[in-house]
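**Student:** For the record, the sequence lines run as chains A and B.
Residues in the first sequence are numbered consecutively from 5, following the working numbering.
Residues in the second sequence are numbered consecutively from 5, following the working numbering.
Backbone N, C-alpha and C fix where the C-beta goes; we use that ideal spot for every residue, glycine too.
Quick caveat: nothing in here was measured; it's all calculated off a predicted structure.
Sending over a structure as structure tokens; questions will come in a sec.
There are 2 protein chains.
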Amino acid sequence: MKKNVLVAQSGGPTSTINATLSGVIKAVMDSNELDTIYGARYGVQGVIADDLINISNCICDDCELEQLTCTPSSALGTCRMKLRSIDEDDHNYKKIYETFKKHDIQYFFYIGGNDSMDTVAKLSSYFKSINYPVTIIGIPKTIDNDLVETDHTPGFGSAAKYVATITQEILRDCAVYSQKAVTIVEIMGRDAGWLTAASMVGRLSDRPVPELIYLPEQSFDNERFIESIKEELAIKPNVVVAISEGIRYPDGSYVGARSDEVDQFGHTHLAGASNILRQLVRNEIGCKARSVELNILQRSAAHLTSRVDITESYHIGFDAVQMALKGQSACMAVFRRKDVDWYQVETDSVPVERVANQIKQVPQKFLTPNGVNDDLLRYIKPLTLGEVKTPYEGGFPKHFIFK
Amino acid sequence: MKKNVLVAQSGGPTSTINATLSGVIKAVMDSNELDTIYGARYGVQGVIADDLINISNCICDDCELEQLTCTPSSALGTCRMKLRSIDEDDHNYKKIYETFKKHDIQYFFYIGGNDSMDTVAKLSSYFKSINYPVTIIGIPKTIDNDLVETDHTPGFGSAAKYVATITQEILRDCAVYSQKAVTIVEIMGRDAGWLTAASMVGRLSDRPVPELIYLPEQSFDNERFIESIKEELAIKPNVVVAISEGIRYPDGSYVGARSDEVDQFGHTHLAGASNILRQLVRNEIGCKARSVELNILQRSAAHLTSRVDITESYHIGFDAVQMALKGQSACMAVFRRKDVDWYQVETDSVPVERVANQIKQVPQKFLTPNGVNDDLLRYIKPLTLGEVKTPYEGGFPKHFIFK
Numbered sequence: 005m006k007k008n009v010l011v012a013q014s015g016g017p018t019s020t021i022n023a024t025l026s027g028v029i030k031a032v033m034d035s036n037e038l039d040t041i042y043g044a045r046y047g048v049q050g051v052i053a054d055d056l057i058n059i060s061n062c063i064c065d066d067c068e069l070e071q072l073t074c075t076p077s078s079a080l081g082t083c084r085m086k087l088r089s090i091d092e093d094d095h096n097y098k099k100i101y102e103t104f105k106k107h108d109i110q111y112f113f114y115i116g117g118n119d120s121m122d123t124v125a126k127l128s129s130y131f132k133s134i135n136y137p138v139t140i141i142g143i144p145k146t147i148d149n150d151l152v153e154t155d156h157t158p159g160f161g162s163a164a165k166y167v168a169t170i171t172q173e174i175l176r177d178c179a180v181y182s183q184k185a186v187t188i189v190e191i192m193g194r195d196a197g198w199l200t201a202a203s204m205v206g207r208l209s210d211r212p213v214p215e216l217i218y219l220p221e222q223s224f225d226n227e228r229f230i231e232s233i234k235e236e237l238a239i240k241p242n243v244v245v246a247i248s249e250g251i252r253y254p255d256g257s258y259v260g261a262r263s264d265e266v267d268q269f270g271h272t273h274l275a276g277a278s279n280i281l282r283q284l285v286r287n288e289i290g291c292k293a294r295s296v297e298l299n300i301l302q303r304s305a306a307h308l309t310s311r312v313d314i315t316e317s318y319h320i321g322f323d324a325v326q327m328a329l330k331g332q333s334a335c336m337a338v339f340r341r342k343d344v345d346w347y348q349v350e351t352d353s354v355p356v357e358r359v360a361n362q363i364k365q366v367p368q369k370f371l372t373p374n375g376v377n378d379d380l381l382r383y384i385k386p387l388t389l390g391e392v393k394t395p396y397e398g399g400f401p402k403h404f405i406f407k
Numbered sequence: 005m006k007k008n009v010l011v012a013q014s015g016g017p018t019s020t021i022n023a024t025l026s027g028v029i030k031a032v033m034d035s036n037e038l039d040t041i042y043g044a045r046y047g048v049q050g051v052i053a054d055d056l057i058n059i060s061n062c063i064c065d066d067c068e069l070e071q072l073t074c075t076p077s078s079a080l081g082t083c084r085m086k087l088r089s090i091d092e093d094d095h096n097y098k099k100i101y102e103t104f105k106k107h108d109i110q111y112f113f114y115i116g117g118n119d120s121m122d123t124v125a126k127l128s129s130y131f132k133s134i135n136y137p138v139t140i141i142g143i144p145k146t147i148d149n150d151l152v153e154t155d156h157t158p159g160f161g162s163a164a165k166y167v168a169t170i171t172q173e174i175l176r177d178c179a180v181y182s183q184k185a186v187t188i189v190e191i192m193g194r195d196a197g198w199l200t201a202a203s204m205v206g207r208l209s210d211r212p213v214p215e216l217i218y219l220p221e222q223s224f225d226n227e228r229f230i231e232s233i234k235e236e237l238a239i240k241p242n243v244v245v246a247i248s249e250g251i252r253y254p255d256g257s258y259v260g261a262r263s264d265e266v267d268q269f270g271h272t273h274l275a276g277a278s279n280i281l282r283q284l285v286r287n288e289i290g291c292k293a294r295s296v297e298l299n300i301l302q303r304s305a306a307h308l309t310s311r312v313d314i315t316e317s318y319h320i321g322f323d324a325v326q327m328a329l330k331g332q333s334a335c336m337a338v339f340r341r342k343d344v345d346w347y348q349v350e351t352d353s354v355p356v357e358r359v360a361n362q363i364k365q366v367p368q369k370f371l372t373p374n375g376v377n378d379d380l381l382r383y384i385k386p387l388t389l390g391e392v393k394t395p396y397e398g399g400f401p402k403h404f405i406f407k
């Protein structure tokens, strides 16, 4: 029987999720034990629908692989689909079984976040229950850095570098006027403030940083917010505030909630916290106020990735294949930081059910009453280091697109 | 009498306005005829208030000059102040005269847009009327590319490169889902669509580009917009739309106008056209819709400048000083494109009153019923070419800040 491989991408895009895909592809191509590698279109949806690409036919050399590595956002497409439990509905499980059987899939790699790890866990126990010999491994990715069991997630370092860089540029932009103004920068990370914290990394090297920062881990209060801004405006004309899209009031409601927009997982679609606070500042203080949503740019800015992150993202994909070849399954690949002072990581694995559906928030030890401490910034900074020489063509970065 | 120089920056920031400042500084430092160079804080406001920095003391070597070149957003600060005519109020003119006299200013360079050229024109005729021997030269800058008499403006090429690159990344991000979705990207340029047009440059090299584009030069119609989106959605699930912040309805009102926000020049503060259209799409079509405002990032993204633009921005500053030394005054430095097929420019000058308060829109010859033609893209593309090796330190770009 041929040993074919299937890989798919799931959840929100990142700027390095294709580096992980490249790592998987490279490891398969280098292996003597493995045959064809297929990619499922639009995550597990493509597995259910038997919508596969023969990647072995699409990627012909290291040059194309390198181009894929530097292309942002799930090149195979993605989905936000949660499998229902098998007791509720086994329809999709049977479809997946048929796809696996039809294409001799013996290894399935699923690159995604905590919802995707739920899929890995459910499929692993399903195939075990029917005694079908398939190895299933989850590979983490998310700019939110909110997966448990891993030191950090692939994709976070580049988003953090983007946020830290853009924050520096926004600070320059805001410093140009002498009139009083408040700029509110809204950063992704629904329930975890890791990425918002990255806006403060410049503090470690005495660079200007936002005057105020608000994470989802600490409850938000309109009055205290306005008081803090007034205090800052008394000292200097330009105040920059970094907020997470997911900041909440003490009753648990999101500052930026739009109640009419809920996704398939029941997550409220968040947008507009910065807009709401901009209006608040204008009403309560009366000065110029503007909001900047970093929006999808922070997860797709492949022109500004961290070399550490893109290298690690590639390696965790490569290493996940090695784990599979060594007989591991139903697990997720993770990073272990070996040393706190001198950054070094190694890959390892953990049982996937430990990760599925869990959220890792910024722990209290990293928080202060007014934001984040330097220990958190020292944790983040090494992940943002190094630049990548993005391949340009005709003035802008060259991207790889599966035909 | 010492021949001192004063330079100031005005209007909205760009990512290369400091390259022009560097060019001016370098030319002064290289000259045997000129002594100290001062910088006014916050544009002409700093000249009025005698709030000057001695730049000769702040910039000590080419290394610092290089760092300034790669720093975004008016390092000296800026303003949006229009001088009243001297017949109305000569108070500020006298203040400026005093500052010039106090510091032996014989040359004044004002880097800015069309409103700033009004200042150059007014001050030139004032000093001529009182027979005070000062040379005043305007140097253009604006990401909007809306100044007349010059082939293009310094700062536009980098903003265009940013818009073209980010559009490619947004297109990647939008292509990942199989569900129907409309993404509306809002780009700066109040009354001129040059920068919005840059989102289409990829078309010249058969790259994916937004399906629809709307410029301020063509009146906007909600019904036609919704019809066009429906037509695109019938062909593919993901539709990306590029709009200028300044698109207007046939009656002249802005789609994104917020009537309560008007700046000192009486310009309505524009924001939110994409948000308004996002709601429209959701109400009329019912599919997923999101808006992405490129916001101030497009004018401060020094990490992603065009080498052509940053080089030209530097040279036009340098050349403006040479023009002054050759006896020109009351003029603005401009670019002339020498050849259409093989991009080459040279600097020249025009009387500043020809430029002041004028707006150069995208001419009809570049427009089609559904957007822009390839001639326009061929005009824009050379301005976006080449990358700059931004100096990084500790993971993000190093900026120069005047103490």
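When DSSP labels each residue in this structure, what does residue 294 of chain A get in the three-state scheme?
**Tutor:** Strand at residue 294 of chain A.
**Student:** Going along the chain, which residues of its own chain have a beta-carbon closer than 7 Å to the beta-carbon of residue 183 of chain A, five neighbours each way excluded?
**Tutor:** For residue 183 of chain A, where only same-chain residues beyond five positions count, the Cβ hits under 7 Å are 241, 292.
**Student:** Helix, strand or coil: which one does DSSP assign to residue 336 of chain A?
**Tutor:** If DSSP states are grouped into helix, strand and coil, residue 336 of chain A belongs with the strands.
**Student:** Does residue 76 of chain B have its Cβ less than 8 Å from a Cβ in chain A?
**Tutor:** True, the Cβ-Cβ gap to chain A drops below 8 Å.
**Student:** Under a CB-based cut-off of 8 Å, is residue 348 of chain A close to chain B?
**Tutor:** By this cut-off, residue 348 of chain A is not an interface position.
**Student:** Taking its Cβ as the centre, do 16 or more other Cβ atoms sit within 10 Å of residue 215 of chain A, making it buried, or is it exposed?
**Tutor:** Residue 215 of chain A is buried by the Cβ-count criterion.
**Student:** Take every Cβ of the region 388 to 396 of chain A, pair it with every Cβ of the region 22 to 33 of chain B, and state whether three or more of those distances are shorter than 8 Å.
**Tutor:** Segments in contact, no.
**Student:** So residue 17 of chain B contacts chain A; which residues on that side make the cut at Cβ distance below 7 Å?
**Tutor:** Simply 177, 180.
**Student:** Since residue 351 of chain B is in the beta strand (DSSP E), which residue starts that stretch and which ends it?
**Tutor:** First-last of the beta strand (DSSP E) with residue 351 of chain B: 348 to 355.
**Student:** Have a look at B:402, B:151, B:186 and flag the residue whose alpha-carbon is nearest the alpha-carbon of residue 239 of chain B.
**Tutor:** Answer by Cα proximity: B:186.
**Student:** Have a look at residue 123 of chain A and residue 285 of chain A and give me their C-alpha separation to the nearest angstrom.
**Tutor:** Taking the straight line from one Cα to the other gives about 43 Å.
**Student:** List, in chain order, every chain A residue whose beta-carbon is nearer than 9 Å to that of residue 296 of chain B.
**Tutor:** The contacting residues are 297, 299, 300, 301.
**Student:** Taking 7 Å as the line, does the beta carbon of residue 397 of chain A fall inside it for any heavy atom of the ligand HEM?
**Tutor:** For the ligand HEM, the structure offers nothing, since it holds no ligand at all.
**Student:** Would a check of beta-carbon distances place residue 308 of chain A closer than 8 Å to chain B?
**Tutor:** Yes - at least one Cβ of chain B is within 8 Å of the one on residue 308 of chain A.
**Student:** So, are the CB atoms of residue 125 of chain B and residue 387 of chain B less than 8 Å apart?
**Tutor:** Not in contact: residue 125 of chain B and residue 387 of chain B (Cβ atoms no closer than 8 Å).
**Student:** Which residue wins for smallest C-alpha separation from residue 138 of chain B, given the options B:158, B:302, B:112, B:80?
**Tutor:** Of B:158, B:302, B:112, B:80, the residue nearest in Cα terms is B:112.
**Student:** Out of A:106, A:322, A:374, A:256, which has the shortest C-alpha to C-alpha gap to residue 413 of chain A?
**Tutor:** Residue numbering for chain A in the displayed model covers 5 to 407; residue 413 of chain A lies beyond these limits and cannot be assessed.
**Student:** Find out if the Cβ-Cβ distance for the pair residue 47 of chain B, residue 82 of chain B is shorter than 8 Å.
**Tutor:** Contact flag set, yes.
**Student:** Which of the three DSSP states is assigned to residue 30 of chain A in this structure?
**Tutor:** If DSSP states are grouped into helix, strand and coil, residue 30 of chain A belongs with the helices.
**Student:** Starting from residue 219 of chain A and walking both ways along the alpha helix (DSSP H), at which residues does that stretch end?
**Tutor:** Residue 219 of chain A -> no alpha helix (DSSP H), and no H or E assigned at all.
**Student:** Please classify residue 341 of chain A: does DSSP put it in a helix, a strand, or coil?
**Tutor:** In the structure shown, residue 341 of chain A sits in a strand (DSSP, three-state: E or B).
**Student:** Please report how far the alpha carbon of residue 330 of chain A lies from the alpha carbon of residue 7 of chain A, in whole angstroms.
**Tutor:** Using only the alpha carbons, I get a separation of about 14 Å.
**Student:** Could you tell me whether the Cβ atoms of residue 376 of chain B and residue 179 of chain B are closer together than 8 Å?
**Tutor:** It is not a contact, given that the beta carbons lie outside the stated cut-off.
**Student:** Could you check where the beta strand (DSSP E) with residue 190 of chain A kicks off and where it finishes?
**Tutor:** Its beta strand (DSSP E) spans residues 185 to 191.
**Student:** Anything in chain A within Cβ reach of residue 172 of chain B, meaning under 8 Å, just list it in chain order.
**Tutor:** Per Cβ cutoff of 8 Å: 400, 401, 403.
**Student:** Around the Cβ of residue 95 of chain B, are there at least 16 other Cβ atoms within 10 angstroms (buried) or fewer (exposed)?
**Tutor:** So residue 95 of chain B counts as exposed.
**Student:** Does the beta-carbon of residue 297 of chain A have 16 or more other beta-carbons within 10 angstroms, so that it is buried, or is it exposed?
**Tutor:** By the 10 Å Cβ count, residue 297 of chain A comes out buried.
**Student:** Do you know offhand how far residue 173 of chain B's Cα is from residue 309 of chain A's?
**Tutor:** Each residue's alpha carbon lies about 13 Å from the other.
**Student:** Give a yes or no on whether 8 Å exceeds the smallest Cβ distance from residue 71 of chain A to chain B.
**Tutor:** Chain B, which has no Cβ nearer than 8 Å to the Cβ of residue 71 of chain A, makes this no.
**Student:** Can you tell me whether DSSP reads residue 147 of chain A as helix, strand or coil?
**Tutor:** DSSP places residue 147 of chain A in coil when its eight states are reduced to three.
**Student:** Under the three-state reduction of DSSP, which class applies to residue 229 of chain B: helix, strand or coil?
**Tutor:** Residue 229 of chain B falls in the helix class under three-state DSSP.
**Student:** Do you know how far the Cα of residue 372 of chain A is from the Cα of residue 204 of chain A?
**Tutor:** Between residue 204 of chain A and residue 372 of chain A, the C-alpha separation is close to 13 Å.
**Student:** Residue range of the beta strand (DSSP E) that residue 404 of chain B falls in?
**Tutor:** Element bounds for residue 404 of chain B: n/a, residue is neither H nor E.
**Student:** Identify the residues that DSSP records as bridge partners of residue 362 of chain B: which are they?
**Tutor:** Its beta-bridge partners do not exist; DSSP assigns none.
**Student:** Take the Cβ of residue 190 of chain A as the centre, count every other Cβ of all protein chains shown within 10 Å, and call the residue buried at 16 or more, exposed below.
**Tutor:** So residue 190 of chain A counts as buried.
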